[in-house]
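Every number in the numbering used here is 1 more than the matching position in the sequence shown, counting from 1.
A virtual CB, placed ideally from N, CA and C, is assigned to each residue, including glycine.
What you are looking at is a predicted structure, and each value in this text was computed from that prediction instead of being measured.
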Amino acid sequence: MYHIRRDHSHLRWSRKIPPVLTISSGETVTFDAIDSSNGQINKDSTATAVSSLDLSTVNPVFGPIHVRGAEPGDVLKVEVLDLETADWGWSAIIPGFGLLADEFPKPSLQIWNVDKNQGYVSYKDTIHVPLRPFLGCMGVAPATDEDLSLVPPTDAGGNMDCRDLTVGSVVYIPVQTQGALFSCGDGHAAQGHGEVCGTAIETAIKATLRFEVCKGLSWVTSPHYENPPRVLKGQDSAEYAVMGIDGDVLEATKKATRGIIAWLTHFKGLSQSEAYMLTSVAGNFHLVETVNVPHYIVSMSLPLGVFRSNG
Numbered sequence: 002m003y004h005i006r007r008d009h010s011h012l013r014w015s016r017k018i019p020p021v022l023t024i025s026s027g028e029t030v031t032f033d034a035i036d037s038s039n040g041q042i043n044k045d046s047t048a049t050a051v052s053s054l055d056l057s058t059v060n061p062v063f064g065p066i067h068v069r070g071a072e073p074g075d076v077l078k079v080e081v082l083d084l085e086t087a088d089w090g091w092s093a094i095i096p097g098f099g100l101l102a103d104e105f106p107k108p109s110l111q112i113w114n115v116d117k118n119q120g121y122v123s124y125k126d127t128i129h130v131p132l133r134p135f136l137g138c139m140g141v142a143p144a145t146d147e148d149l150s151l152v153p154p155t156d157a158g159g160n161m162d163c164r165d166l167t168v169g170s171v172v173y174i175p176v177q178t179q180g181a182l183f184s185c186g187d188g189h190a191a192q193g194h195g196e197v198c199g200t201a202i203e204t205a206i207k208a209t210l211r212f213e214v215c216k217g218l219s220w221v222t223s224p225h226y227e228n229p230p231r232v233l234k235g236q237d238s239a240e241y242a243v244m245g246i247d248g249d250v251l252e253a254t255k256k257a258t259r260g261i262i263a264w265l266t267h268f269k270g271l272s273q274s275e276a277y278m279l280t281s282v283a284g285n286f287h288l289v290e291t292v293n294v295p296h297y298i299v300s301m302s303l304p305l306g307v308f309r310s311n312g
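Shown next, in the form of structure tokens:
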């Protein structure tokens, strides 16, 4: 088995970055990835660490690896075999970042304890979010000679932040350049669909991935994935949801988020910042309705099983 170390990191998508490893189709690689702050936040950090973040070094990815036989037009099949998080993680409100950035201008930091044996991530022992690790970033080098930012995803993958890409998932990424030049990183212990405050439960992660070059899958022009059946440990099916209704989908999304934050502060006693971060790591967006124009409906739901106390 091959291994990618923490010092095998880079901060842009580029086919000009030389590979640190060359493998054959069917082989397995482990990745040791530091958290998305690139080590700038630790267990003892406070909100001042968020204020002083060097954003030019955040969200590193690890690699790239060259896969023999991978050519433009092929598809790289990536099987997620194992994901091991650290025993802690963090969430933050970063000024100027997130869905409601204008409404949350002050930095805030929340440190979570990861209990791997019990299968949850806790805060103040009153909120238990089921442990559901995944890699926020998985992608291949672009076809262009231009260096691309790590932040926005593309059809070549990248910073997709899709919580469904966890152990047992199979991801298909269209190859853009010879050898694919795959990299990954941005470990998360848990995240809601939407990641509304801009962070999940960020954590260092060790990932084990298997790669296969697939020919003739011409319909895969953006990332595809498949998942096995799953039962989420420690999570009941009850949920509370708020609908956001507006002629603009983005504004409807904001309305739903504001609504769930208001419910959390009123009924669960959380501060505005705590509610915003909990919504980011455990809440889930659904596009409920699109045909009754001119209005759209987006709901934000929160599983009630994350609360461990009455109220």
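Starting from the C-beta of residue i, find all residues in its chain whose C-beta is less than 7 Å away, skip the five residues before and the five after it, and write them out in chain order.
i	result
Thr145	none
Arg6	Asp33
Asp156	Pro175, Thr222 and Ser223
Asn228	Asp165, Gly169 and Ser170
Leu288	Val299
Ile262	Gln273, Ala276, Tyr277 and Thr280
His296	Ile246, Asp247 and Gly248
Gly99	Phe105, Val197, Cys198 and Gly199
Tyr124	Gln111 and Trp113
Whose C-beta lies closer than 6 Å to the C-beta of residue i among residues of the same chain, with five residues either side of it excluded?
i	result
Thr86	Val115, Pro134, Ala190, Thr204 and Ile206
Leu218	Val76
Val292	none
Tyr173	Val76, Lys78, Val221 and His225
Ser109	Ala48, Ile94 and Ser274
Where do the N-terminal and C-terminal ends of the alpha helix (DSSP H) with residue i fall, by residue?
i	result
Gly275	It is Glu, not Gly, that sits at residue 275 in the sequence shown. Where Glu275 is concerned, the enclosing alpha helix (DSSP H) stretches over Gln273 to Ala283.
His9	That residue, His9, is in no alpha helix (DSSP H); it is neither H nor E in DSSP.
Val250	Val250 to Phe268
Between which two residues does the beta strand (DSSP E) containing residue i stretch?
i	result
Leu22	Leu22 to Ile24
Met244	Glu240 to Asp247
Gly90	Trp89 to Ile94
Leu1	In the structure displayed, the chain extends from 2 to 312; residue 1 sits before or after that span and is not available.
Keeping to the same chain, check which residues put their C-beta closer than 8 Å to that of residue i; ignore five residues upstream and five downstream.
i	result
Val168	Val81, Leu82, Asp83, Leu84 and Pro134
Pro1	Summary: the structure shown does not reach residue 1, with the chain confined to residues 2 through 312, and so no result is reported for it.
Using 8 Å for Cβ pairs, my map puts residue i next to residue j. What's the rounded Cβ distance?
i	j	result
Asn160	Asn60	7 Å
Ala181	Val221	Between Val221 and Ala181 the Cβ distance is about 13 Å, and since that is not below 8 Å, they are no contact.
Ile42	Ala48	Between Ala48 and Ile42 the Cβ distance is about 10 Å, and since that is not below 8 Å, they are no contact.
Tyr3	Ile24	6 Å
Ser184	Gly70	Contact flag wrong, Cβ pair sits at about 18 Å.
Gln192	Pro73	About 31 Å; that fails the 8 Å criterion.
Ala242	Leu305	About 11 Å separates the two Cβ atoms, so there is no contact after all.
Among the options, which residue has its Cα nearest to the Cα of residue i?
i	options	result
Thr29	Leu22, Gly248, Ile35 and Arg211	Arg211
Leu279	Gly97, Asp162 and Leu303	Leu303
Leu54	Asp8, Ile202 and Ser37	Ser37
Gly260	Ala208, Val197, Thr209 and Val214	Val197
Leu22	Ser15, His9, Glu72 and His287	His9
Gly195	Ser109, Ile246, Thr258 and Pro20	Thr258
Ile18	Asp88, Lys107, Asp148 and Asp162	Asp148
Gly137	Lys256, Asp103, Ile202 and Ala283	Ile202
- Query: Taking the runs of the alpha helix (DSSP H) that are 4 residues or longer, which of them lie wholly in the segment 99-151?
  - Reply: none
- Message: Quick check on the DSSP output: what are the complete alpha helix (DSSP H) runs of length 4 or more inside the segment 148-230, in order along the chain?
- Response: none
- Query: Unbroken beta strand (DSSP E) runs of length 3 or more, entirely within the segment 34-83: which are they?
  - Reply: 62-68
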